[in-house]
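Undergrad: My questions all concern the structure below.
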Amino acid sequence: MKYLRILWEGLIPNNPVFILALGLCSTLAVTLKVENAFFMAVMVGITTIFSSVCVAALRYYIPFRFRLLSYMLIIVTAVIAVEQLLKALFPEVARALGPYVGLIVTNCVVMGRLEAFAVSHRPLEAFFDALGVALGYAAVLLSIASIREFLGNGTLWGLHVAPDFYIPCRVFNSPPGAFIVFAALLFAVNWLRSIVRRDS
Amino acid sequence: MENAIQIPLLTLLFSAAISENVALYYFLGICPLISISADLKASFNMGLTVSLVMLITTAANWAIYHLLLQPMELEYLQLLFFVLIIAATVQLLELFLDRFFPSIYEVFGIFLPLITVNCAILGVSMFAVLREYSLIQSLVFAAGSGMGWCLVICIIASVRRRINIDAVPVHLGKTGITMLIAAVIALAFSGVSELMSGGF
Amino acid sequence: MSGKTVGFRDEIKFMLVLATVCAVLLLVARAGVGSRADLSMVAITSAGQICKLELPEEPVAAVAAFNEHFVSRTRGRIQLWQSLSRSNVWLCQARGAGMWAELALLFAYDHMHRRIIGMRVIEQNETAGLGDRIGEEAFYEQFDDMDAGSGVEMKAIRVKGNQFDAISGATITSRAVETVINRALGQIEKIASAAPPAAGKEARP
Amino acid sequence: MQALLVILIINAFVLILCALVAFSGQLLRQSGDADLVVNKESARKVGCGQSLLPALAEAGIFLPAACGGKGTCGRCEIKVIAGGSSVTPMETIILEPQRLQSLARLACQVKVRQNIEVEVPAGLLAAKFLWARLESAQVVAEEIKTLQFNIEDDGELDFKPGQYIQIFYQMPWERVLRAYSISSSASTKKSFSLDIQRISGGLVSNYLHQLQPGDQIEVSGPFGEMYLTDEQANCPIILVAGGVGLAPLRAILEKLRELNFPQPVWLFHGARSRKNLYCEKYFHELAQRYASFKYLPALSNPMLEEGWVGSRGLIHELLEQQTLTGVSEAVAFVCGPSPMMQAVTKVLVAKGLASDRILTDPFDFS
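So the sequences go chain by chain: A, B, C and D. 864 is the number that our numbering gives to position 107 of the first sequence; each next residue is one higher, with no gaps. 574 is the number that our numbering gives to position 80 of the second sequence; each next residue is one higher, with no gaps. 196 is the number that our numbering gives to position 164 of the third sequence; each next residue is one higher, with no gaps. 192 is the number that our numbering gives to position 149 of the fourth sequence; each next residue is one higher, with no gaps.
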């Protein structure tokens with residue numbers, strides 16, 4: 758019950774992207790295709806969970822002044838391990854994601870959860886918090902990617918779904934398009950939240 | 495290698511700062527761009543700090559890569575070494591500022607740990623190595639990127655200051671409106687980039 | 033407030049243990065991944081496509097067939113092979129900086145007529161949906177039988193024979209292709225101008 | 044071989060970076076002393092470069108810091124008259140703007156760089172740093188122990204009933220602080236007792252539960268705004284406790300017992316089941332002996348085999364059903380989990396008690 762609440766907290770009320778505005782770089786950069794966004798979300802999720810649990814388990818042993826170094830060491834290990842795993846299992850996706858896999862290291866969602874939650878909680882709690890945050894992150898990533906891929910290419914996960922008369926709007930493939938979709942989605946989410954709040 | 499790329503340093507500086515802006519073209523360092531840009535002065539300070547850290551870490555990482563990793567054929571560990579260097583540099587800078595420039599420390603201090611997870615810094619180090627820049631070129635590239643990042647955050651902050659008194663749609667919120675500003679600026683920058691890359 | 037009872041040595045000890053554990057994990061992860069052998073297969077298949085050669089699909093046979101047609105001249109970031117049947121044709125695999133990470137191109141070059149016969153992208157990590165379109169057939173076609181006497185050139189709209197269309201929205205990637213090819217061309221010129229040595233059979237798939 | 048080399052290189056690299064950080068930390072640490080003036084008294088020399096919280100401790104003033112100096116609990120609030128560093132973002136979250144304008148700061152967030160003048164609330168000045176030795180430990184309910192401590196040397200703990208102390212626990216690299224209310228009578232100054240509920244996975248509560256008689260602990264205190272003053276002792280008193288939140292109320296009750304309950308006193312104690320209820324027998328005896336003391340326990344989840352015949356339900360529901368005479372002059376002390384305290388406060392206000400006569404002590408399971 759308590760763990761479910763922690764999970765829920767990370768998923769919606771503390772959504773890492775919309776509410777806390779963390780992890781924006783990759784949110785904007787890998788959302789051109791749903792497929793890439795999906796694998797990115799999975800990898801960020803694994804990294805977050807691994808490093809959160811590690812830091813939570815070691816929280817009383819990590820020397821305060823080498824805190825940053827230890828966190829980075831743990832995160833980098835997780836990222837490189839996940840990267841190698843992806844290369845072995847899905848070489849195609851690994852090629853498509855390439856540079857962003859390395860940049861997970863500096864994804865503030867990972868670091869943010871370590872600093873804000875994992876250092877002061879037990880490993881099991883940290884696990885559920887990381888899981889919730891990872892799911893929240895994945896939800897945002899996938900929704901932005903779906904919108905951008907549909908508007909920009911008329912496809913979803915590589916499948917052509919747009920009606921024939923639709924002419925893909927290439928601006929959604931470019932960086933400014935990502936910002937615009939993000940702002941629109943943020944507007945929608947906040948609007949829904951305000952409706953929910955008014956009703957309850 | 496055989497023929498090192500000869501790029502005029504000035505071109506390198508300006509293309510790094512403007513046409514291939516690290517924030518708007520590569521989507522790096524977006525989180526602080528959104529969260530810090532509420533205040534122009536803080537934005538400028540943050541921009542300066544990022545530039546400084548970028549310069550130091552690019553030099554250090556260049557040396558590590560070319561003097562240690564490449565001769566030992568350990569290129570796959572570059573992420574680990576780069577990230578640890580950045581974390582240590584940030585911590586050293588924090589101590590240094592705290593001791594000698596307390597007034598600057600009080601302005602910068604809170605941003606410094608954030609910088610560790612600023613992907614722009616890691617990105618610039620990685621690009622400099624990837625593109626086989628010489629040390630001088632790397633430094634110029636880092637300086638240009640830092641300037642470019644500082645420029646963008648200051649532009650966003652100034653625009654935000656202007657619309658401070660305007661009625662922004664409630665549900666869009668601060669993050670949303672900043673995203674839209676970034677979208678417009680990114681469009682403008684992409685125009686400049688087209689111009690510089692030989693649109694004539 | 034923090035107590036100072038535990039000294040620097042214990043902290044360092046902890047950090048070193050952590051570093052060792054991380055290093056071991058890294059090595060295990062790296063060892064667990066299969067080699068990138070398939071990559072050279074991509075190169076061989078691409079070479080077959082460019083030079084319109086019938087190469088068998090089975091890897092070992094394909095390598096053997098490839099070695100019958102080409103002989104390796106240089107290694108490193110720019111690898112060159114010389115065709116055994118047409119000694120003025122050079123096959124080149126060139127690596128260089130793309131937008132995010134390294135990219136590797138394979139192209140065949142006719143040194144006598146100074147033309148590129150064809151080009152393929154073997155390895156790339158460009159922006160998904162934008163830069164990665166250099167891997168599309170339409171992009172390759174521009175290089176079929178391309179005049180490259182004075183290097184290739186990226187243009188927004190192609191007018192001259194040695195130009196190719198930049199991919200809109202991916203200027204950096206397109207320019208990276210331009211840079212990599214031109215650098216490789218310079219290298220070929222240097223090596224090919226020197227008298228081609230006797231065919232030493234040194235095969236490198 | 045290659046693998047060993049890689050491990051070696053990474054280790055060497057980490058070693059160099061750590062050494063660099065540590066030694067520049069030593070090298071760059073601001074040395075020298077600054078004058079610290081507390082409440083306009085004479086200046087004391089304290090080391091520069093640290094935050095005000097340890098600097099004040101150096102000067103013998105122990106502020107409460109439940110969060111351990113991270114700036115999240117807001118208990119170390121003081122006033123910095125002159126010489127403070129600029130306000131940190133943490134403080135703007137915890138302290139309201141008007142409090143910041145009236146020079147309020149969090150001591151753990153202020154750095155000592157120069158001569159500094161501060162104003163510490165008188166209530167916090169009494170706090171001392173003490174060593175205490177465990178005299179006896181007694182299991183009073185499931186997972187709850189009452190620990191009796193004797194103060195070492197010639198130290199004395201001069202506290203008011205209802206206040207709490209802080210316990211230091213030395214982790215490998217960090218000192219952890221936890222606040223626990225004193226449950227023994229305030230008239231004994233050489234000893235005190237704590238009621239500790241063991242939280243599964245809780246750090247300090249587990250540490251305290253495994254202590255053996257004779258073990259020493261470090262404490263500082265007393266702290267806390269919730270305590271019984273002498274004039275309040277002559278008002279009707281409503282005590283509402285949830286679970287182990289009974290501890291500070293026990294101290295208050297002891298004080299009232301020493302005064303022979305001059306006015307009506309109600310003790311409401313809510314617990315989950317009978318095995319979580321403690322001191323039940325003692326309170327029943329008290330209630331029999333003194334007519335003005337009423338003991339009203341309630342169980343939210345009594346087990347069948349416990350044979351509970353008393354009230355069932357949550358404690359604020361029981362409180363609501365009771366008719367209390369002379370409520371408007373009464374003083375209420377409420378201690379327990381936050382949702383329970385909110386519910387109880389609501390009920391008490393509805394019964395006609397002014398909200399400034401309801402004293403609460405937040406009590407978190409951490």
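The beta carbon of each residue, even a glycine, is placed where N, CA and C say it ideally should be.
Could you tell me the boundaries of the alpha helix (DSSP H) in which L361 (chain D) lies?
TA: Run containing L361 (chain D): I358 to Q364, per the alpha helix (DSSP H) assignment.
Undergrad: Give the DSSP-derived three-state secondary structure of L87 (chain C) in the structure shown.
TA: L87 (chain C) falls in the coil class under three-state DSSP.
Undergrad: From which residue to which residue does the beta strand (DSSP E) around E221 (chain C) run?
TA: Taken as a continuous stretch (DSSP letters only), E221 (chain C) belongs to no beta strand (DSSP E), being part of the alpha helix (DSSP H) at T203 to S225.
Undergrad: Quick check: the Cα distance between C61 (chain D) and N54 (chain D), rounded to an integer number of angstroms?
TA: Going from the Cα of C61 (chain D) to the Cα of N54 (chain D) covers about 10 Å.
Undergrad: Less than 7 Å between C-beta atoms, sequence neighbours within five positions excluded: which residues of the same chain meet that for V81 (chain D)?
TA: The answer, listed in chain order, is A102, I104, V161 and V163.
Undergrad: So which residues of chain D does T52 (chain C) contact, with C-beta pairs closer than 7 Å?
TA: Correct list: I50 and N54.
Undergrad: Mapping the DSSP letters down to three states, classify W351 (chain D) as helix, strand or coil.
TA: Correct three-state label for W351 (chain D): coil.
Undergrad: Taking Cβ-Cβ distances shorter than 7 Å, what residues in chain C pair up with L70 (chain D)?
TA: In chain order: nothing, as chain C lies at least about 13 Å away.
Undergrad: Check for me: the alpha helix (DSSP H) holding P340 (chain D) runs from which residue to which?
TA: From DSSP, P340 (chain D) is part of no alpha helix (DSSP H) but of the beta strand (DSSP E) over F336 to L342.
Undergrad: Identify the continuous beta strand (DSSP E) that holds S179 (chain D) and give its terminal residues.
TA: S179 (chain D) -> beta strand (DSSP E) spans K171 to A184.
Undergrad: Take M151 (chain C) as the anchor and find which of C:F46, C:G167 and C:K222 has the nearest alpha-carbon.
TA: Among C:F46, C:G167 and C:K222, the Cα nearest to that of M151 (chain C) belongs to C:G167.
Undergrad: Exposed or buried, P107 (chain D), counting other C-beta atoms within 10 Å across all chains shown (16 or more means buried)?
TA: Under this definition P107 (chain D) is a buried residue.
Undergrad: Taking the alpha-carbon positions, what's the V49 (chain C) to I52 (chain D) distance?
TA: The straight-line gap from Cα to Cα measures roughly 13 Å.
Undergrad: I166 (chain C) CB to nearest chain B CB: under 9 Å?
TA: It does not: the Cβ of I166 (chain C) has no partner Cβ on chain B nearer than 9 Å.
Undergrad: If you follow the beta strand (DSSP E) that Y207 (chain D) is part of, which residue opens it and which one closes it?
TA: Y207 to Q213 is the extent of the beta strand (DSSP E) around Y207 (chain D).
Undergrad: Pull up the distance between the alpha-carbon of P91 (chain C) and that of I44 (chain C), whole angstroms please.
TA: Distance between the alpha carbons of P91 (chain C) and I44 (chain C): 50 Å.
Undergrad: Cutting at 7 Å between CB atoms, please list the residues of its own chain near T552 (chain B), excluding the five before and the five after it.
TA: Cβ neighbours of T552 (chain B) beyond the five flanking positions: V618, S619, A622, S632, L633 and A636.
Undergrad: Nearest CA to the CA of A97 (chain C): which residue from C:Q111, C:R207, C:S117 and C:R109?
TA: When only C-alpha atoms are compared, the closest one is C:S117.
Undergrad: Which same chain residues, not among the five before or five after F76 (chain D), have their C-beta less than 7 Å away from its C-beta?
TA: First, the residue type needs correcting, since residue 76 (chain D) is Asp and not Phe in the sequence shown. The residues are K88, V89, G90 and C91.
Undergrad: At what residues does the beta strand (DSSP E) containing I121 (chain D) begin and finish?
TA: From DSSP, the beta strand (DSSP E) with I121 (chain D) extends over E120 to A125.
Undergrad: Against chain A, does E43 (chain C) count as a neighbour if the rule is that its beta carbon must be under 9 Å from one of theirs?
TA: By this cut-off, E43 (chain C) is an interface position.
Undergrad: Mind listing which residues of the region 130-161 of chain C have their C-beta closer than 7 Å to chain B's C-betas, in chain order?
TA: Answer set for the region 130-161 of chain C: A133 and E134.
Undergrad: Would Y923 (chain A) be called buried (16 or more neighbouring beta carbons within 10 Å of its own) or exposed?
TA: Classification of Y923 (chain A): exposed, given that the 10 Å Cβ count is below 16.
Undergrad: Taking 9 Å as the cut-off, decide whether the C-beta atoms of G889 (chain A) and E766 (chain A) are in contact.
TA: Yes, these two residues count as a Cβ contact at 9 Å.
Undergrad: State the DSSP-derived secondary structure class of W914 (chain A), mapped to helix, strand or coil.
TA: DSSP places W914 (chain A) in coil when its eight states are reduced to three.
Undergrad: What did DSSP end up calling C865 (chain A) once you bin it into helix, strand or coil?
TA: Of the three classes helix, strand and coil, the one that applies to C865 (chain A) here is helix, per DSSP.
Undergrad: Using a Cβ-Cβ cutoff of less than 7 Å, which residues in the same chain neighbour I295 (chain D) once the five nearest sequence positions on both sides are dropped?
TA: Excluding positions up to five away in sequence, the list reads P204, G205, L271, L282 and F376.
Undergrad: In angstroms, rounded to a whole number, what distance separates the CA positions of T106 (chain C) and F175 (chain C)?
TA: Approximately 23 Å between the Cα atoms of the pair.
Undergrad: Which residues in chain C have a C-beta closer than 8 Å to the C-beta of S687 (chain B)? List them in chain order.
TA: Those are T203, listed as they occur along chain C.
Undergrad: Could you check the C-alpha separation between V787 (chain A) and R905 (chain A) for me, to the nearest Å?
TA: Approximately 11 Å between the Cα atoms of the pair.
Undergrad: Have a look at A:S951, A:Y857 and A:E872 and flag the residue whose alpha-carbon is nearest the alpha-carbon of L781 (chain A).
TA: Here the closest residue by C-alpha is A:Y857.
Undergrad: Got a sec: is the Cβ-Cβ distance from F621 (chain B) to anything in chain C below 9 Å?
TA: At least one chain C Cβ lies under 9 Å of F621 (chain B).
Undergrad: Got a sec: which bits of the region 842-861 of chain A sit with their beta carbon under 7 Å from any beta carbon on chain B, in order along the chain?
TA: From the region 842-861 of chain A, only G859 and L860 have a Cβ closer than 7 Å to chain B.
Undergrad: Taking DSSP's pairing of strands, which residues face E134 (chain C) in a bridge?
TA: C:A129, per the DSSP bridge assignment.
Undergrad: Taking Cβ to Cβ, would you say H312 (chain D) is nearer than 9 Å to L320 (chain D)?
TA: Yes, Cβ-Cβ distance for H312 (chain D) and L320 (chain D) is below 9 Å.
Undergrad: Going along chain D in order, which residues have a C-beta closer than 8 Å to the C-beta of A55 (chain C)?
TA: Ordered by position in chain D, the residues that pass the 8 Å Cβ test against A55 (chain C) are V49, I50, I53 and N54.
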